[in-house]
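**Q** Here full-length UniProt numbering is used: the sequence shown runs in plain steps of one and ends on residue 212.
C-beta atoms are modelled at their ideal positions from N, C-alpha and C, and glycine is treated no differently.
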Amino acid sequence: MEYKNFITIEGIDGAGKTTIINQLKKIFLVTKNKYLFKNREVIFTREPGNSGNEFLLKTRDLIVNYDILPITELFLLQANRAEHIQKFIYPNLKAKKIVICDRFTDSTFVYQGLKGIKDHQIKITNTLATLNVNPRTTYLIDIDPKLAQSRIIKNKRSINKFDTYDLNFHKNIRKRYLDLAKKNPKRFILINGEESLEKIIDIIIKDLNKRF
Ligand code: TYD
């Protein structure tokens with residue numbers, strides 16, 4: 001089932017998702033750690049989840065920092081996702097809050113798919129983990145992987161395993177994202193990540209204004 005108040009942001013490493021989300025947080029901030037959009041509370045979160053919960057923090061660390069088999073990665077991601085969605089995201093959706101999540105199940109199709117896990121295997125584990133709770137809207141920040149790599153080198157405080165994969169890997173990730181967007185045109189909003197931050201934020205806010 002799709003939830004209107006569930007929004008995800010996707011894109012290759014270095015596409016600028018973190019910068020965009022930080023800017024949205026600045027715009028929506030009303031009091032310490034409380035975010036509002038048109039009087040609706042906004043919850044920001046990310047996957048692999050790490051929202052203040054020890055299990056999520058530890059599994060995220062295992063996923064992004066250890067050299068493990070793709071299948072191990074899939075199981076860890078889905079364990080992290082099940083805890084994240086069923087205990088944190090879903091209750092917030094039910095409470096009518098807007099949940100904006102940095103990466104979600106599309107990342108699994110794209111990354112673990114590229115690492116050789118079959119689509120139908122990803123699909124069934126996604127469904128098991130999420131209990132079919134899905135976003136209505138996904139902003140895909142699309143960018144040339146070369147530019148993304150130079151941004152990672154320039155801006156990043158900590159480099160994880162995924163950032164060290166070569167240019168070819170990231171080119172394939174981009175291609176997979178664009179294929180997914182083509183297959184799901186109603187859900188995906190394609191945003192050119194090479195535009196200015198101002199322009200990108202403007203596109204997102206205008207789109208949110210239409211939805212809420
Ligand atoms: P991310 O939070 O984007 O890293 P950071 O903001 O620290 O750069 O995500 C970490 C990595 O996890 C990212 O490179 C992609 C990977 N990932 C998957 O491979 N599959 C998934 O399902 C998810 C959610 C993430």
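What first and last residue would you give for the beta strand (DSSP E) that runs through isoleucine 89?
**A** Segment: none, isoleucine 89 is in no beta strand (DSSP E) and carries neither H nor E.
**Q** May I ask you to list the residues that DSSP assigns as paired with isoleucine 10?
**A** At residue 10 the sequence reads glutamate, which differs from the isoleucine that was named. BP columns for glutamate 10 point to Leu140.
**Q** Taking only three categories from DSSP, how would you classify phenylalanine 109?
**A** In the structure shown, phenylalanine 109 sits in a helix (DSSP, three-state: H, G or I).
**Q** Would serine 107 be called buried (16 or more neighbouring beta carbons within 10 Å of its own) or exposed?
**A** Serine 107 should be labelled buried.
**Q** From isoleucine 204 to histidine 170, what does the alpha carbon distance come to, in whole angstroms?
**A** The alpha-carbon atoms of isoleucine 204 and histidine 170 are separated by roughly 24 Å.
**Q** With a threshold of 7 Å (Cβ to nearest heavy atom), would proline 48 be considered close to the ligand TYD?
**A** Indeed, a heavy atom of the ligand TYD lies less than 7 Å from the Cβ.
**Q** Measure the alpha-carbon distance for lysine 115 versus threonine 31 and round it to whole angstroms.
**A** When rounded, the distance between both Cα atoms is 42 Å.
**Q** Quick test of the definition: if touching needs 3 or more C-beta pairs under 8 Å, does the region 86-101 touch the region 41-48?
**A** Flag = yes, the region 86-101 and the region 41-48 touch.
**Q** Classify aspartate 67 as helix, strand or coil using the three-state DSSP reduction.
**A** Three-state result, aspartate 67: coil.
**Q** In three-state DSSP terms, what is arginine 46?
**A** Here arginine 46 sits in strand by DSSP.
**Q** Looking at phenylalanine 162 and the ligand TYD, is the gap between the Cβ and the nearest heavy atom below 7 Å?
**A** Checking the Cβ of phenylalanine 162 against the ligand TYD gives yes.
**Q** Checking the sheet assignment: what are the DSSP bridge partners for threonine 31?
**A** Bridge partners of threonine 31: Lys34.
**Q** Using CA atoms only, rank isn't needed, just tell me which of Pro48, Tyr90, Lys123 and Gly52 is closest to isoleucine 63.
**A** Comparing Cα positions, the closest option is Pro48.
**Q** For threonine 59, I'd like the list of residues in its chain whose CB is within less than 7 Å of its CB, leaving aside the five on either flank, ordered along the chain.
**A** Same-chain partners within the cutoff: Pro48, Leu76, Ala79 and Asn80.
**Q** To the nearest whole angstrom, what separates the beta carbons of valine 133 and isoleucine 189, a pair I think is in contact under 8 Å?
**A** Their Cβ separation, rounded to whole angstroms, is 20 Å, which puts valine 133 and isoleucine 189 out of contact at 8 Å.
**Q** Any heavy atom of the ligand TYD closer than 7 Å to the Cβ of leucine 77?
**A** Yes; taking the cut-off as 7 Å, the Cβ of leucine 77 has a heavy atom of the ligand TYD nearer than that.
**Q** Roughly how far, in whole angstroms, is the beta-carbon of isoleucine 201 from the beta-carbon of leucine 24, given that I think they are within contact range, below 8 Å?
**A** Sure, about 7 Å apart at Cβ, within 8 Å.
**Q** By the three-class DSSP mapping on this structure, what secondary structure does isoleucine 117 have?
**A** The answer is coil: DSSP assigns isoleucine 117 none of H, G, I, E or B.
**Q** Comparing the CB of glutamine 112 with every heavy atom of the ligand TYD, is any distance shorter than 7 Å?
**A** Checking every heavy atom of the ligand TYD against the Cβ of glutamine 112, one is found closer than 7 Å.
**Q** Should the region 6-14 be regarded as contacting the region 130-150, the criterion being three or more beta carbon pairs within less than 8 Å?
**A** Enough Cβ pairs lie closer than 8 Å, so yes.
**Q** Considering only heavy atoms of the ligand COA, does any lie closer than 7 Å to the CB of serine 107?
**A** Among the ligands in the structure shown, the ligand COA does not appear; only the ligand TYD can be found there.
**Q** Counting along the chain, where does the alpha helix (DSSP H) carrying phenylalanine 169 start and finish?
**A** That run of the alpha helix (DSSP H) goes 167-183.
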